[in-house]
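*Asks:*
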Amino acid sequence: MNAKFKEPEFLLAFIDKYREMRNLWEVKHPQYYLKHVRKSTLERLLTFVQMTIPEATMETLLKKIGILRNMYKREHNKIQESMRSGASADDVYVSRLWYYNKLQFLDDQTEARASLSTLPSTLPSTLPCTLPCTFPSTPAEADEDQAGSSILDEPDMTIWCQDEASQEQCGESGRQEETGPMDSLE
166 MNAKFKEPEF LLAFIDKYRE MRNLWEVKHP QYYLKHVRKS TLERLLTFVQ MTIPEATMET
226 LLKKIGILRN MYKREHNKIQ ESMRSGASAD DVYVSRLWYY NKLQFLDDQT EARASLSTLP
286 STLPSTLPCT LPCTFPSTPA EADEDQAGSS ILDEPDMTIW CQDEASQEQC GESGRQEETG
346 PMDSLE
């Protein structure tokens, strides 16, 4: 079956038929996400394939479509990478796939999407602010505020634990009491 599928005459006819069935490859097609419509379209394509290759199944059809798309994408990426690398026009990669140009309708369907960050642009603080939010206006005032305190002194503020279940284990400073691994499972 593989040899029949690779015959140039059949492969070109298959690619043309696949191109006509836009809901199989065009992501923005209104019927692309309708499974029952896609399935019936695939069955029509399978009927077309079975006229030449009677032993073809839906599984082999889907594999062949996947192989064609992957081969095209791989070649397309090689071309794009050679153009990005600053190669001269003579050094740009030329595809060895004889049917590469027939599959160019897949171009905008195979482009990678722009990545989106899942992190918020500003991270909110998870700790409540219990300290006065005033800053000394002069360096002398800052010295007066720090005169009685030491860097090693622990500030008098409550820090909330992330896990509510372990809230009882959190002390005033937010540190968990020293417990063994089995104690925390109780």
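According to the working numbering, the sequence shown is numbered sequentially starting from 166. Every residue gets a Cβ at the ideal spot worked out from N, C-alpha and C, and that includes glycine.
#1: How many Å lie between residue 227 and residue 261 at the Cα?
#2: Out of 205, 186, 255, 167, state which residue places its alpha-carbon closest to the alpha-carbon of residue 271.
#3: Pick helix, strand or coil for residue 339, following the three-state DSSP scheme.
#4: Below 7 Å CB to CB, which residues in the same chain sit around residue 174 once its five sequence neighbours on both sides are set aside?
#5: Grab the span of the alpha helix (DSSP H) containing residue 267 for me, first residue to last.
#6: Assign residue 284 to one of three DSSP states: helix, strand, or coil.
#7: Check the C-beta distance from residue 190 over to residue 274 and give it rounded, since I have them as a contact under 8 Å.
#8: Is residue 228 helix, strand or coil when you go by DSSP?
#9: Nearest to residue 233 by alpha carbon, out of 263, 200, 195, 253?
#10: List the whole-angstrom C-beta distance separating residue 197 from residue 237, where the pair is believed to meet the contact cut-off of C-beta under 8 Å.
#11: Please list the terminal residues of the continuous alpha helix (DSSP H) segment that includes residue 167.
#12: Does the Cβ of residue 208 lie closer than 7 Å to at least one heavy atom of the ligand MG?
#13: Report all residues from its chain with a CB closer than 6 Å to the CB of residue 215; omit the five preceding and five following residues, and keep chain order.
#14: Where residue 248 and residue 241 are concerned, what is the direct C-alpha to C-alpha distance, given to the nearest angstrom?
*Replies:* This is what the structure holds:
#1: 23 Å
#2: 186
#3: Caution applies to residue 339, whose pLDDT of 49 falls short of 50 and renders its modelled position unreliable; the model cannot decide the point.
#4: none
#5: Careful: residue 267 lies outside any alpha helix (DSSP H) and carries neither H nor E.
#6: coil
#7: Cβ-Cβ separation between residue 190 and residue 274: approximately 6 Å, consistent with a contact (criterion under 8 Å).
#8: Residue 228 falls in the helix class under three-state DSSP.
#9: 263
#10: About 18 Å separates the beta carbons of residue 197 and residue 237, which is beyond the 8 Å limit, so they are not a contact pair.
#11: 167-171
#12: The ligand MG is absent from the structure shown, which contains no ligand whatsoever.
#13: Here the set comprises 221.
#14: Rounded to the nearest whole angstrom, the CA to CA distance from residue 248 to residue 241 is 11 Å.
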